[in-house]
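Notes for the one structure printed next.
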Amino acid sequence: MEARDLTQGLLWFAAFLFSTTVHEAMHALAALRGGDRTAYLGGQVSLSPIPHIRREPIGMLGVPLLTAFTNGWAVGWASTPYDPVWAARYPRRAALMAAAGPTGNLLIAVLALVCLRAGLAAGVFISPRQVSFHHLVEAASGAPWLTAVGEVLTVLLVLNVFLFVFNILPFPPLDGASVLGGLVPERAAVAVRGFTGNPIFSLLGILVAWQVFPKIAGPIFDGLLRLVHPHDRFF
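Heads up, the sequence shown is in the numbering used here, so the first residue is 1 and it goes up one at a time.
What follows is the structure, given as structure tokens:
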């Protein structure tokens, strides 16, 4: 493995670990504020990755490390414990808990976008000759450390937008299905909770989402490119 590939793999893994930790901490914080202390007692109301790794070591470490250094970007999973009795009693609060995780990813993406646009406006960054999932800007001065900062911001932007969109897809066990369960009438909500709690439907949901997402990833990236460089043409 070349040094460049190693560096990119580490960048994607670190970004995944940070972004997923924020995602799960937001779930846990929303649950705590909604009256469910399950995740709080498990230590998940924390921006430290340790309690989240302890809960899902394979999804937070094993698979992300493997995919970061083989596919070029990290894939994994995590989870936040909650009281299903509380969720059934307070479906709107449970929906807010589900929405909080993707909202955390969206906030990270917005901050990264603001930093990229500010750097371009200030002349610190310029449009690159070639774009990729980790390369949307270049340092105007050519300084390697500024190029590295641009790549960190790019990866945080792209990864968190992808995490946001993927997680709000309305397929169990993704957050979008749980949000939907809190918005529909009670009878329909019971059915949605039945789907989200069924391992067979959860497996089918992941398979469907895995088929759907690649079809929308390209247009999403094109949209991000237009947001970062609204006056340039890369198409």
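Every residue gets a Cβ at the ideal spot worked out from N, C-alpha and C, and that includes glycine.
Keep in mind that this is a model prediction, so the values were computed, not measured.
For residue i, the three-state DSSP class (helix, strand or coil)
i	result
A140	coil
S132	strand
L169	coil
T7	helix
S19	helix
V75	coil
P81	coil
G104	helix
G150	helix
E56	coil
E24	helix
G119	helix
Residue i - partner residues in DSSP beta bridges
i	result
F125	A139
Proximity winner among the options, relative to residue i (alpha-carbon distances)
i	options	result
L153	L136, W73 and A143	L136
G9	A87, A68 and T147	A68
A217	L163, I206, F171 and G205	L163
S132	P230, L17, G119 and G150	G150
A14	I220, L65, T147 and L204	L65
L224	V63, N71 and L113	L113
G59	S178, E24, L157 and V158	E24
L227	V161, Q211, V192 and V179	V161
L6	G72, R55 and L17	G72
F16	P170, N105, T147 and C115	N105
V165	S46, F213, A122 and Y40	F213
F171	S46, G35, L96 and L204	L204
H229	Y40, S127, V22 and A99	S127
Residue range of the alpha helix (DSSP H) that includes residue i
i	result
P49	Where P49 is concerned, there is no enclosing alpha helix (DSSP H), given that its DSSP letter is neither H nor E.
W210	P199 to V228
T38	T38 to L41
G182	D175 to L183
T70	V63 to T70
V85	P84 to R89
Any non-hydrogen atom of the ligand MG closer than 7 Å to residue i Cβ
i	result
P64	This structure does not include the ligand MG; it has no bound ligands of any sort.
Nearest-angstrom beta carbon gap, residue j and residue i [assumed within contact, 8 Å]
i	j	result
I168	G181	That belief does not hold up - the Cβ atoms of I168 and G181 are roughly 13 Å apart, past 8 Å.
A74	W145	The pair is not a contact, with the Cβ atoms about 23 Å apart (cut-off 8 Å).
G101	H27	4 Å
A87	V179	Not really, about 12 Å apart at Cβ, beyond 8 Å.
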